[in-house]
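Enquirer:
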Amino acid sequence: MFESLSDKLKKTLKNLRGEGKLTPEHVDIALREIRMALLEADVNYKVAKDFVEAIRAKAEGQAVWQDLKPHEQVVKIVYDELVELFGGTSSRLVFTRQIPNVVMIVGLQGSGKTTSTGKISRWLKDNQERKPLLVSVDVYRPAAREQLRVVGSAVGVTVYQDKETNDPLTLVRGAMKHAQDSGFDTLLIDTAGRLHIDDDLMVELENIKAETKPVEVLFVADAMTGQDAVRSAEEFHRRVGITGVILTKMDGDARGGAALSIKQVIGQPVKFVGVGEKYDAIEPFYPDRIA
5 MFESLSDKLK
15 KTLKNLRGEG
25 KLTPEHVDIA
35 LREIRMALLE
45 ADVNYKVAKD
55 FVEAIRAKAE
65 GQAVWQDLKP
75 HEQVVKIVYD
85 ELVELFGGTS
95 SRLVFTRQIP
105 NVVMIVGLQG
115 SGKTTSTGKI
125 SRWLKDNQER
135 KPLLVSVDVY
145 RPAAREQLRV
155 VGSAVGVTVY
165 QDKETNDPLT
175 LVRGAMKHAQ
185 DSGFDTLLID
195 TAGRLHIDDD
205 LMVELENIKA
215 ETKPVEVLFV
225 ADAMTGQDAV
235 RSAEEFHRRV
245 GITGVILTKM
255 DGDARGGAAL
265 SIKQVIGQPV
275 KFVGVGEKYD
285 AIEPFYPDRI
295 A
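When the count follows my numbering, it moves up by one through the sequence shown with no breaks and lands on 295 for the last residue.
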């Protein structure tokens with residue numbers, strides 16, 4: 005996804021080769037090109053502006069790498085700032101002693117919530133030795149609950165179902181009791197999405213959060229939707245308090261700006277990235293590896 009942006013940054017930094025000393029003029033030229041590369045990659049305007057200014061401040065105040073050539077100094081500064089832009093260090097899921105630990109999966113319709121719910125549950129089972137239970141509270145989309153049942157079967161994770169009710173709160177209450185009674189330590193809630201943000205959706209999510217007191221609220225963002233994902237994340241965070249982000253379709257050819265922007269805009273880390281369609285194609289997000 006980031007190959008195009010990476011190529012442009014490399015070309016910009018390569019142009020600094022051969023310069024004897026890092027000067028403000030060198031910095032200005034490089035930063036203009038870096039800023040344009042970020043904007044062309046669909047990075048949020050304010051994020052790109054702040055990123056460039058952070059590089060400028062470090063580059064112009066640089067006095068400790070006298071043995072490095074100008075382009076080497078700027079390369080290191082840009083790399084360090086990219087790592088920070090992505091979140092600095094990897095951020096793990098937070099669990100407590102409560103039973104069950106509830107993880108809400110939220111996002112717009114079509115972002116990949118149900119598949120991501122299955123992927124995360126499999127990852128927790130296989131890599132964290134946890135015993136997850138799944139429940140869908142999407143009572144609006146035809147066959148949504150059946151879709152999660154199929155996903156759960158594919159990843160070997162139990163799905164709680166109650167065909168007698170179409171009330172989301174009744175479903176989560178039943179799922180929580182079943183988890184407590186049956187020894188499931190983690191409950192993943194696949195929530196309903198919409199094609200756009202609406203107040204009814206947000207009120208429903210607020211009620212589910214109040215009822216379940218989740219340890220994590222993970223926002224699923226399609227990395228190929230660009231700034232729409234950023235704007236949606238802002239609204240979800242304002243209403244339900246996102247604790248982390250799952251970026252899907254990171255193996256696609258999108259410009260990648262949403263991935264660069266979303267952490268800075270909402271102040272919450274990207275925790276997982278989906279890198280394929282298979283159920284094991286998800287992994288923790290490591291900022292230093294992406295940068």
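We put the CB at the ideal spot given by N, CA and C, even for glycine.
1. Just verifying my parser: in three-state terms, what is the DSSP assignment at proline 291?
2. Around the Cβ of threonine 169, are there at least 16 other Cβ atoms within 10 angstroms (buried) or fewer (exposed)?
3. Can you grab the Cα-Cα spacing for the pair proline 172 / aspartate 46, in whole Å?
4. Comparing C-alpha positions only, which one of Ala58, Gly92, Phe99, Gln102 sits nearest to isoleucine 81?
5. Would you give the residue range spanned by the beta strand (DSSP E) that valine 106 belongs to?
6. Just to confirm, are alanine 183 and leucine 137 a CB contact at a threshold of 8 Å?
7. Which parts of the segment 165-225 are runs of the beta strand (DSSP E), unbroken and 3 residues or longer, counting only runs that do not cross its ends?
8. Check whether the Cβ atoms of valine 110 and valine 244 lie closer than 8 Å to each other.
9. Opposite threonine 252 in the DSSP bridges: which residues?
10. Out of Glu150, Ala227, Glu239, Ser95, point me to the one whose CA is closest to glycine 116's CA.
11. How long is the line joining the alpha carbons of valine 56 and leucine 9, rounded to whole angstroms?
12. Would you report the Cα separation of glutamate 88 and tyrosine 290, rounded to the nearest angstrom?
13. Between Asp292, Lys217, Val269, which lies nearest to alanine 233 when the distance is taken from Cα to Cα?
14. Would you mind sorting alanine 158 into buried or exposed? The rule is 16 or more other CB atoms within 10 Å of its CB.
15. Between which two residues does the beta strand (DSSP E) carrying lysine 282 extend?
16. Helix, strand or coil: which one does DSSP assign to valine 51?
17. Which residue comes first and which comes last in the beta strand (DSSP E) that contains glutamine 140?
18. For phenylalanine 240, write down the residues that DSSP places opposite it in a beta bridge.
19. Which residue from Gln165, Arg149, Glu239, Ser94 puts its Cα closest to that of valine 4?
20. Report, in whole angstroms, the separation of the C-beta atoms of isoleucine 250 and leucine 205, which I expect to be a contact under 8 Å.
21. Using CA atoms only, rank isn't needed, just tell me which of Val176, Phe188, Gly91, Asp142 is closest to glutamate 133.
22. Cα separation between aspartate 292 and phenylalanine 99?
Expert: Once the coordinates are examined:
1. Helix.
2. By the neighbour-count rule (16 or more Cβ atoms within 10 Å), threonine 169 is not buried but exposed.
3. Straight through space, the alpha carbons of aspartate 46 and proline 172 are spaced by roughly 36 Å.
4. Per the Cα distances, Ala58.
5. Segment 105-110, the beta strand (DSSP E) holding valine 106.
6. Closer than 8 Å, so yes.
7. Counting whole runs of 3 or more residues, the segment 165-225 contains the beta strand (DSSP E) stretches 190-194.
8. Yes, the Cβ-Cβ distance between valine 110 and valine 244 is below 8 Å.
9. Residue pairing by DSSP places threonine 252 opposite Asp226 in a beta bridge.
10. Here the closest residue by C-alpha is Ala227.
11. If you take the alpha carbons of valine 56 and leucine 9, they lie about 15 Å apart.
12. Their Cα atoms are separated by approximately 11 Å.
13. Minimum Cα distance to alanine 233 is reached at Val269.
14. Its Cβ having fewer than 16 others within 10 Å, alanine 158 is exposed.
15. DSSP places lysine 282 in no beta strand (DSSP E); its state is neither H nor E.
16. Helix, per DSSP.
17. Before going on, a small fix: residue 140 reads as serine here, not glutamine. Here the beta strand (DSSP E) through serine 140 covers 136-140.
18. Per the DSSP secondary-structure output, phenylalanine 240 pairs with nothing in a beta bridge.
19. Absent from the model: residue 4. The displayed extent of the chain is 5 to 295, so no value can be given.
20. Between leucine 205 and isoleucine 250 the Cβ distance is about 18 Å, and since that is not below 8 Å, they are no contact.
21. Looking at the Cα atoms, Phe188 is the closest of the given residues.
22. Here the C-alpha atom of aspartate 292 lies approximately 24 Å from the C-alpha atom of phenylalanine 99.
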